Amino acid sequence: MRAPLLLSTAILTAVAAYPVQAQSTDTGTLEEIVVTAQRRSENLQKVAVAVSAVSADDLITAGVTDTTGLTKLVPALVVQPGGGSNTGFYLRGVGTLGPNSFSENAIAFNYGGVFIGRPTAPVGTFFDLARVEVLKGPQGTLYGRNATGGAVNVIPNRPDNSRTAGDAGFEIGNYRLRKANGMINTPVSDTLALRVAGQVVDRNGYLSDGYDDEEGQAARASLLWEPDDRLSLLLSGDYFHQGGKGVGGILVPGSLSPTAPAVKDRIGGSETASIAELRLRFPGLINPGLVVPPKDDGFNDNTFWGVTATLDYQFDAGTLTVLPAYRDSRPDFLFYSVGFQGRVQEVSKQSSVEVRFASAEDSAFRYVIGAFWFRDEVNALNSFFQGGLSTTTFMPHQELVSKAAFGQGTYDVAEGLRLVAGVRYTHENKQQETPVRQSSVSNPNPPFVTAIGDENFNSVTWKAGIEYDAGPQSLLYANIATGFKAGGFYPAVGKNSFDPEKLTAYTVGSKNRFMDNRLQLNAEAFWWDYKDQQIGYIGPVEVRPGVYGQASVTANVGQARMYGMEVEAQFLATKNDEIGINLQYMDSKYKSFVYTAISAGGTPLPSGCAVTPNTSLPVAAPARLFTVDCSGKAAVNAPKWSLNLSYSHTFELSADHDLILGARSRIESGRFLSIDYRPEQHQGGYMTSDAWATLEAPAQGWSVTGYVNNLTDKDVYSTSTTRPILNVVYNGLRPPRTYGLRGSVSF
Numbered sequence: 060m061r062a063p064l065l066l067s068t069a070i071l072t073a074v075a076a077y078p079v080q081a082q083s084t085d086t087g088t089l090e091e092i093v094v095t096a097q098r099r100s101e102n103l104q105k106v107a108v109a110v111s112a113v114s115a116d117d118l119i120t121a122g123v124t125d126t127t128g129l130t131k132l133v134p135a136l137v138v139q140p141g142g143g144s145n146t147g148f149y150l151r152g153v154g155t156l157g158p159n160s161f162s163e164n165a166i167a168f169n170y171g172g173v174f175i176g177r178p179t180a181p182v183g184t185f186f187d188l189a190r191v192e193v194l195k196g197p198q199g200t201l202y203g204r205n206a207t208g209g210a211v212n213v214i215p216n217r218p219d220n221s222r223t224a225g226d227a228g229f230e231i232g233n234y235r236l237r238k239a240n241g242m243i244n245t246p247v248s249d250t251l252a253l254r255v256a257g258q259v260v261d262r263n264g265y266l267s268d269g270y271d272d273e274e275g276q277a278a279r280a281s282l283l284w285e286p287d288d289r290l291s292l293l294l295s296g297d298y299f300h301q302g303g304k305g306v307g308g309i310l311v312p313g314s315l316s317p318t319a320p321a322v323k324d325r326i327g328g329s330e331t332a333s334i335a336e337l338r339l340r341f342p343g344l345i346n347p348g349l350v351v352p353p354k355d356d357g358f359n360d361n362t363f364w365g366v367t368a369t370l371d372y373q374f375d376a377g378t379l380t381v382l383p384a385y386r387d388s389r390p391d392f393l394f395y396s397v398g399f400q401g402r403v404q405e406v407s408k409q410s411s412v413e414v415r416f417a418s419a420e421d422s423a424f425r426y427v428i429g430a431f432w433f434r435d436e437v438n439a440l441n442s443f444f445q446g447g448l449s450t451t452t453f454m455p456h457q458e459l460v461s462k463a464a465f466g467q468g469t470y471d472v473a474e475g476l477r478l479v480a481g482v483r484y485t486h487e488n489k490q491q492e493t494p495v496r497q498s499s500v501s502n503p504n505p506p507f508v509t510a511i512g513d514e515n516f517n518s519v520t521w522k523a524g525i526e527y528d529a530g531p532q533s534l535l536y537a538n539i540a541t542g543f544k545a546g547g548f549y550p551a552v553g554k555n556s557f558d559p560e561k562l563t564a565y566t567v568g569s570k571n572r573f574m575d576n577r578l579q580l581n582a583e584a585f586w587w588d589y590k591d592q593q594i595g596y597i598g599p600v601e602v603r604p605g606v607y608g609q610a611s612v613t614a615n616v617g618q619a620r621m622y623g624m625e626v627e628a629q630f631l632a633t634k635n636d637e638i639g640i641n642l643q644y645m646d647s648k649y650k651s652f653v654y655t656a657i658s659a660g661g662t663p664l665p666s667g668c669a670v671t672p673n674t675s676l677p678v679a680a681p682a683r684l685f686t687v688d689c690s691g692k693a694a695v696n697a698p699k700w701s702l703n704l705s706y707s708h709t710f711e712l713s714a715d716h717d718l719i720l721g722a723r724s725r726i727e728s729g730r731f732l733s734i735d736y737r738p739e740q741h742q743g744g745y746m747t748s749d750a751w752a753t754l755e756a757p758a759q760g761w762s763v764t765g766y767v768n769n770l771t772d773k774d775v776y777s778t779s780t781t782r783p784i785l786n787v788v789y790n791g792l793r794p795p796r797t798y799g800l801r802g803s804v805s806f
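The sequence shown stops at residue 806 when you use this note's numbering, and every number in between is there.
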């Protein structure tokens, strides 16, 4: 398959070099987008990296209010909701769904330039934004830790000292959606500007038991001081509180749950019906209270806040940036989305400082050099309760200190031809002291034992590439880049650590603008080599000396390769008609994927992989070990085909009023959502579509939009979990058909 992919890129390269006659500009042009993906401001079409830039308008029209909504806008990206406020990111099959307080994401998430270390903390950031940048492929040189598969940059609007401005918006919809947002920007003096923004969201749950709701209150204040043309100091503080019942799950019909309601019956398929199924299928466990069925007492009470300072000073030789930040994350939630009760209380205190120097742009050699320091202290209580059958409780205390130095440079070899090289060295120290207890019917009140760990992890990541300007608005590039996700711990005595995972990516790409900036055509072919992948599963752990039980384990067991191609086209057919196409093809395969799992009941584990008995460790009967071999399987959350289509037309009703009609569709081939690879965990191919109509008066500063999302009310799985012991499957769902009305006014 590599030859056809590279041939396709070569064809696009030839097109890029072919002189296209300029067209008249009286039909308008595509917008020029400036991104900071490479730690300096650059035109998106001149950045030799695969970047999807999602504008604020796109986020609003798609109804995106949190990270999970990004899935519908970027074909390469899948964002999975977890229990409570946990969020997992997958780019081209590389990612992690964080189940507990030891988890970290494999896709770096940055908010206002600040790296966010916890999987619970990305929520509550999607309001008053300039754009969202999704970088595809390892970003180990400029972004460092946890950028195995890429990075997501959420960039808020900055204060503007040139004028006083403000806006206010509202939205109402089905499921009792009520949302309001507002912003005020005002100059305080000739050199000082203040911007304050906020958002409130309240929506009932999509499931009949009230789960999958949304409730949040967010605020952000930014103060910008620019005393002269050289110095800029931005101070920013943000706050978010998340309430509601949280993420829900449905019991999926399968071999062990044959009478579970059909998924298409969204009301009947909620937790209420799931309890009835559990009582019917497992009466001996439910009636005595050995298993806790899902109840309606789940909740979120999560609070996040942070402060950031961004200092930029322009020397003649370049720009110095100093970015200190502090973030405080306090998730507190109870959830049943995995089919049993989980309770997480956590306090995470994160401090970081990044210092960068970006050289001036007027020399043959341009560079960015810098240093990064990061500290995160986590104290938590995690409890996973399955009644008398199994209750696992652990109280993580973990400290992390990460230090890095990095540099990346670009050298003009000849006119239009450049070489790129970069390297980063990262040293991390992680320490844990975690009391752990696992109870059962036979041992209902065992003592706590303490899991201790102290590990150092070192990683060197690098990038090398070549860039060529094939025309005035055509860029060709090829590069090799590496990335890593940090190693860490899981809650067990004895062996309880895992090593970093690593990815090497080989990329050939082309970016082009034709027809006097009316047609944009970008393409990229890639080959990824994924090593030592960290996999989370239910495995054997030493809960006390000589005694093994089951718990969530993380281990380096995956070796995979991914290759494919992504093509993005944007065409302004007329000044009133815009068409967007984003297509990704990817073939993924595990070259090696073998791990040891435990069955508490002693029966073979339901799996789509090869399962054979394993006697390597002594476990108390009736529990048994099994070797699970998933080699040859496709990566999780890695559909072979992903396609986004969009179209909008503007009717000029008068000199002051426009009517905009728009639609978008997302089409995916099938994919698995879990490493168990069970049939119930497979999301088949599907298409979802959104449509909207906006009446606006730009000169008067107001607009009103009516919309329908997921027009056909398609059921799409968002995540999947095998419930331990019972071995039935619980899946999450993406939003059903939603509709509503939103309006805004600005001044």
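C-beta: ideal position from N, C-alpha, C; glycine also.
The structure displayed is predicted, hence computed values, not measured ones.
Check, Outcome
"With 16 other CB atoms within 10 Å as the buried threshold, where does Arg730 fall?", "buried"
"In the structure shown, what three-state DSSP assignment does Leu792 receive?", "strand"
"Look at Pro663 and Phe685 and say whether their C-beta atoms are less than 8 Å apart.", "yes"
"What would DSSP say about Pro665, mapped onto helix, strand or coil?", "coil"
"Which residues does DSSP pair with Phe416 in a beta bridge?", "Leu379, Ile428"
"Name the DSSP bridge partner or partners of Val695?", "DSSP, once it has assigned bridges, lists no residue as partnering Val695."
"Tell me the start and end of each unbroken beta strand (DSSP E) in the stretch 561-637 that is at least 3 residues and wholly inside, in chain order.", "578-603, 606-633"
"In three-state terms, what does DSSP make of Gly257?", "strand"
"With a threshold of 8 Å, are at least 3 pairs of Cβ atoms found where one atom belongs to the stretch 485-495 and the other to the stretch 507-526?", "yes"
"Quick check: the Cα distance between Tyr536 and Val93, rounded to an integer number of angstroms?", "19 Å"
"Could you have a look at Ile119 and say whether DSSP puts it in helix, strand or coil?", "helix"
"Leaving out five residues before and five after Arg620 in sequence, what residues of the same chain have Cβ atoms less than 8 Å from its Cβ?", "Trp586, Trp587, Asp588, Tyr589, Ser647, Lys648, Lys650"
"Just to confirm the assignment, what range does the alpha helix (DSSP H) spanning Ile345 have?", "342-345"
"Are the Cβ atoms of Ser748 and Leu770 separated by less than 8 Å?", "yes"
"Go through its chain and collect everything with a Cβ distance to Glu91's Cβ below 7 Å, but skip five positions before and after it.", "Asn102"
"Tell whether a beta-carbon distance below 8 Å holds between Phe543 and Pro531.", "no"
"Would you identify the three-state DSSP class for Thr130, choosing helix, strand or coil?", "helix"
"Three or more beta-carbon pairs under 8 Å between the stretch 250-266 and the stretch 180-190, yes or no?", "yes"
"Looking at Phe630 and Leu578, is the spacing between their C-beta atoms short of 8 Å?", "yes"
"Name the DSSP beta bridge partners of Val213, please?", "Tyr170, Val191"
"Since Ala115 contacts Arg177 with CB under 8 Å, what's their CB separation in whole angstroms?", "That belief does not hold up - the Cβ atoms of Ala115 and Arg177 are roughly 25 Å apart, past 8 Å."
"What does DSSP give as the partner residues of Leu236 in its beta bridges?", "Gly232"
"Compare the beta carbon distance of Ala582 and Met645 with 8 Å and say whether it is the shorter of the two.", "no"
"Any idea what DSSP makes of Gln445, helix, strand or coil?", "coil"
"Using 8 Å as the Cβ pair cut-off and three pairs as the minimum, do the stretch 498-507 and the stretch 162-169 touch?", "no"
"Ends of the beta strand (DSSP E) at Arg496?", "476-498"
"Quick check on Gly605: buried or exposed, where buried means 16 or more other Cβ atoms within 10 Å of its Cβ?", "exposed"
"What residues are listed by DSSP as bridge partners for Ala656?", "Phe685"
"Less than 6 Å between C-beta atoms, sequence neighbours within five positions excluded: which residues of the same chain meet that for Ser442?", "Arg402, Thr452"
"Out of Ser658, Cys689, Ser705, state which residue places its alpha-carbon closest to the alpha-carbon of Arg683.", "Ser658"
"Spatial neighbours of Ala376 within its chain, please: CB distance less than 8 Å, with the 5 preceding and 5 following residues excluded, ordered by chain position.", "Ser418, Ala419"
"Which same chain residues end up closer than 8 Å to Phe806 when comparing Cβ atoms and leaving out the 5 residues on each side of it in sequence?", "Ala224, Gly225, Asp226, Gly760"
"Where does Leu337 sit, in a helix, a strand or coil, going by DSSP?", "helix"
"So what's Ile326 in DSSP terms, helix, strand or just coil?", "For Ile326, the predicted model reports a pLDDT of 44, less than 50, meaning its position is unreliable; a value from the coordinates is still stated below. Ile326: coil per DSSP, three-state reduction."
"Starting from His300, trace the beta strand (DSSP E) both ways and give me its first and last residue.", "290-301"
"If you draw a straight line from the alpha carbon of Ala464 to that of Tyr395, how long is it in whole angstroms?", "42 Å"
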